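To start, the structure itself, in structure tokens.
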Amino acid sequence: MTNTPATQIDNIHAMLDSGHHSVRIEKHTFLIWGLGGAAVVLFMEWFGAQEFLKTYWQNNIAIYAIGAGALSIIAFLDHRKTRDIRKERAESVSFTQAQLIKLWWVAVGLCILTGFGMAFMDLALLTYPISLLIFGAVFYTHGLFSRQPLSLSGVLMVVAAVIGISLAVSKVLPYMTLQYLGISVFGIGLPLFAFLTDEPKRFSTALGKTGFSLGWLMTVFLPVFLVHFIAGQVSTPTGMVIVLSDFTANKAQYSKGRYIVRIPSGTKVPLMVSLEGKSLALDGNAPIAAHVTADIQVSLKDGKPDGRVKAGDAGWTDWDKRGWPLWLKDVKAELTSEKGPHAVLKLFANF
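Encoded structure:
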């Protein structure tokens with residue numbers, strides 16, 4: 014081939030373009046972080062449910078310390094595998110990618126710290142969509158310096174997080190499914206990105222990107238809806254139906270076996286509220302009187318609720334699968350000339 018000035022200019026442009034787009038994420042990185050991240054989420058949820066430690070804050074510290082340690086192991090395995098592959102190809106990590114690796118670690122730290130903080134505000138489930146938003150932004154940033162369609166990967170993670178939050182806020186899906194979304198995106202979505210980045214030319218057109226995006230979102234959300242559907246299938250409890258007055262009057266008689274306690278409409282239900290603070294306190298011994306607006310049936314096993322509840326004409330539901338039965342909607346402290354200092358607490362009964 015003749016080495017003409019035009020050819021030399023094209024070669025220089027190719028070298029500049031290669032330098033500007035020097036970032037490449039290896040296929041194994043998506044697999045290791047995806048499957049490993051999903052396993053970490055599953056383990057953290059299981060560990061949190063066991064309550065091995067006495068206090069809530071000790072349990073949270075242990076959970077996120079274990080999570081941080083597990084992610085460090087994943088990062089070490091990924092780094093070692095990447096180093097070996099680059100060594101075989103006689104390649105080195107570019108300066109740009111070396112700096113972006115630091116951004117990746119900042120993202121991991123933010124996810125851990127966000128989850129730890131959210132747990133103390135009873136918003137732990139929001140950790141998953143927030144983590145997807147953070148990693149989506151990191152992938153998008155990687156894509157600015159890469160020939161791989163990493164920016165598309167980042168956008169899809171952000172879209173998945175926004176859809177998940179929207180479905181939870183609109184009550185289409187309970188908040189508990191946000192953890193299923195996190196597991197699905199890491200365990201299924203990230204390995205699919207390995208296929209996307211390994212064959213970038215196949216998805217270089219607008220039609221190819223649209224098709225992959227729709228397929229990726231369907232693949233990620235389908236398991237979430239399936240798990241939600243399966244978890245929502247609550248078996249009808251067996252046992253003799255007794256009224257609340259009979260249960261309270263003959264507690265020893267119903268301490269063994271399965272029964273269904275019917276709480277009639279109009280029954281007074283005391284809400285025991287306690288409050289701690291530097292300048293305001295409530296010991297919880299003065300209950301707030303609420304009342305039942307529709308008959309409620311509670312399934313008992315050996316004298317204790319097993320989680321299954323039926324309100325009015327609705328079907329049976331499981332509080333353990335559905336989430337907390339009471340949600341805090343609003344808290345407001347006011348000072349008016351008519352009422353003086355007072356606080357307004359609004360709760361939502363999720364049944």
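Residue numbers (our numbering): 14 to 364. Even for Gly, the Cβ is constructed at its ideal location relative to N, Cα and C. Everything numeric in this text was worked out from a predicted model, so none of it was measured.
Worksheet item: Does the stretch 141–156 come within contact of the stretch 166–181, defined as at least 3 CB pairs closer than 8 Å?
Response: yes
Worksheet item: For Val172, is the beta carbon positioned less than 7 Å from some heavy atom of the ligand FAD?
Response: This structure simply doesn't include the ligand FAD, nor any ligand for that matter.
Fill in: Cβ-based burial, Pro147 [other Cβ within 10 Å; buried from 16]
Here residue 147 is taken as the residue at index 134 of the sequence shown, counted from 1. Reading the sequence as shown, one finds Ile at residue 147 and not Pro. With 16 or more Cβ atoms within 10 Å of its Cβ, Ile147 is classed as buried.
Worksheet item: Hey, would you say Val286 sits closer than 8 Å to Leu295, going by beta carbons?
Response: Counting from 1 along the sequence shown, the entry for residue 286 is found at position 273. Counting from 1 along the sequence shown, the entry for residue 295 is found at position 282. Using a Cβ distance threshold of 8 Å, Val286 and Leu295 count as a contacting pair.
Worksheet item: Does the stretch 76–91 touch the stretch 114–132, meaning 3 or more C-beta pairs lie closer than 8 Å?
Response: Judged by Cβ distances under 8 Å, the stretch 114–132 makes contact with the stretch 76–91, as three or more pairs qualify.
Worksheet entry | Asn298, buried or exposed, once every other Cβ within 10 Å from all chains shown has been counted against 16 | For the purposes of this step, residue 298 is taken as the residue at position 285 of the sequence shown. With fewer than 16 Cβ atoms within 10 Å of its Cβ, Asn298 is classed as exposed.
Fill in: Cβ-based burial, Lys115 [other Cβ within 10 Å; buried from 16]
For the purposes of this step, residue 115 is taken as residue 102 along the sequence shown, with counting starting at 1. Looking at its Cβ environment, which holds fewer than 16 other Cβ atoms inside 10 Å, Lys115 is exposed.
Worksheet entry | Buried or exposed by the 16-neighbour rule on C-beta atoms within 10 Å, applied to Phe91 | Mapped onto the sequence shown, residue 91 falls at position 78. Note that residue 91 is Asp in the sequence shown here, rather than Phe. Looking at its Cβ environment, which holds 16 or more other Cβ atoms inside 10 Å, Asp91 is buried.
Worksheet item: Got a sec, what are the start and stop residues for the beta strand (DSSP E) Asp319 sits in?
Response: Residue mapping note: residue 319 aligns to position 306 of the sequence shown, counting from 1. That run of the beta strand (DSSP E) goes 317–324.
Fill in: Span of the alpha helix (DSSP H), counted from its first residue to its last, around Ala244
Translated into the one-based positions of the sequence shown, residue 244 becomes position 231. Residues 219–244.
Fill in: Beta-carbon proximity check, Val240 vs Asp331, cutoff 8 Å
Start at 1 with the first residue of the sequence shown, and residue 240 comes out as number 227. Start at 1 with the first residue of the sequence shown, and residue 331 comes out as number 318. No, they are not a contact pair.
Practice prompt. Within 10 angstroms of the Cβ of Gln63, are there 16 or more other Cβ atoms? Answer buried if so, exposed if not.
Written response: The sequence position of residue 63 within the sequence shown is 50, counting from 1. The residue is exposed, with fewer than 16 neighbouring Cβ atoms inside 10 Å.
Practice prompt. Please go through the same chain and pick out, in chain order, the residues whose beta-carbon is closer than 7 Å to the beta-carbon of Gly61, but skip the five residues on each side of it.
Written response: Sequence index remark: in the sequence shown, residue 61 carries index 48 (1-based). Taking Gly61 as the centre and dropping the five residues before and after it, the same chain places the C-beta of Asn72, Ile76 closer than 7 Å to its C-beta, in chain order.
Discussion item. Given a cut-off of 8 Å on the beta-carbon distance, is the pair Val274 and Gln310 in contact?
Written reply: By one-based count along the sequence shown, residue 274 stands at place 261. By one-based count along the sequence shown, residue 310 stands at place 297. With a cutoff of 8 Å on beta-carbon distance, Val274 and Gln310 are scored as near each other.
Practice prompt. Could you tell me the distance, in whole angstroms, from the CA atom of His26 to the CA atom of Leu191?
Written response: The sequence position of residue 26 within the sequence shown is 13, counting from 1. The sequence position of residue 191 within the sequence shown is 178, counting from 1. Residue placement at His26 cannot be trusted, given a pLDDT of 47 that sits under 50; what the coordinates show is reported in the next sentence. His26 and Leu191: Cα-Cα distance of roughly 46 Å.
Worksheet item: Nearest-angstrom Cα distance between Pro187 and Phe216?
Response: In the sequence shown, residue 187 corresponds to position 174, counting from 1. In the sequence shown, residue 216 corresponds to position 203, counting from 1. For Pro187 and Phe216, the distance between alpha carbons rounds to 34 Å.
Item to complete: Using the Cα positions of Lys264 and Val254, report the straight-line distance between them to the nearest angstrom.
Response: Residue mapping note: residue 264 aligns to position 251 of the sequence shown, counting from 1. Residue mapping note: residue 254 aligns to position 241 of the sequence shown, counting from 1. Their backbone Cα atoms lie some 14 Å apart in a straight line.
Discussion item. Counting C-beta neighbours from all protein chains within 10 Å, is the total for Phe234 16 or more, i.e. buried, or is it exposed?
Written reply: On the sequence shown, position 221 is the one that residue 234 refers to. Under this definition Phe234 is a buried residue.
Worksheet entry | Which of helix, strand or coil DSSP assigns to Asp38 | By 1-based counting over the sequence shown, the position of residue 38 is 25. The question names Asp, yet the displayed sequence has Ile at residue 38. DSSP places Ile38 in coil when its eight states are reduced to three.
Practice prompt. Provide the residue span of the alpha helix (DSSP H) that contains Pro142, from first to last.
Written response: For the purposes of this step, residue 142 is taken as the residue at position 129 of the sequence shown. From DSSP, the alpha helix (DSSP H) with Pro142 extends over 140–156.
Worksheet item: Gly122 bridges to which residues according to DSSP?
Response: Sequence index remark: in the sequence shown, residue 122 carries index 109 (1-based). Its beta-bridge partners do not exist; DSSP assigns none.
Worksheet entry | Segment limits, beta strand (DSSP E) that includes Val305 | Numbered from its first residue, the sequence shown carries residue 305 at position 292. Val305 -> no beta strand (DSSP E), and no H or E assigned at all.
Worksheet item: For Gln112, is the classification buried or exposed, using 16 other Cβ atoms within 10 angstroms of its Cβ as the cut-off for buried?
Response: Mapped onto the sequence shown, residue 112 falls at position 99. Gln112 comes out exposed.
Discussion item. Check this for me: beta carbons of Trp329 and Pro250, under 8 Å apart or not?
Written reply: In the sequence shown, residue 329 corresponds to position 316, counting from 1. In the sequence shown, residue 250 corresponds to position 237, counting from 1. Yes, these two residues count as a Cβ contact at 8 Å.
Discussion item. As a quick exercise: from Ala307, Ala207, Ile38, Ala244, pick the residue whose alpha carbon is nearest that of Ala327.
Written reply: Within the sequence shown, the letter at position 314 stands for residue 327. Comparing Cα-Cα distances from Ala327 to each of Ala307, Ala207, Ile38, Ala244, the minimum goes to Ala307.
Fill in: Beta-ladder partner(s) of Leu358, from DSSP
Position 345 of the sequence shown holds residue 358. Paired residue(s): Val344.
Worksheet entry | Simplified DSSP state of Lys214, which is helix, strand or coil | For this step, residue 214 is matched to residue 201 along the sequence shown. It is helical.
Fill in: Lys269 and Asp315 closer than 8 Å at C-beta
By 1-based counting over the sequence shown, the position of residue 269 is 256. By 1-based counting over the sequence shown, the position of residue 315 is 302. Cβ distance < 8 Å, so Lys269 and Asp315 count as in contact.
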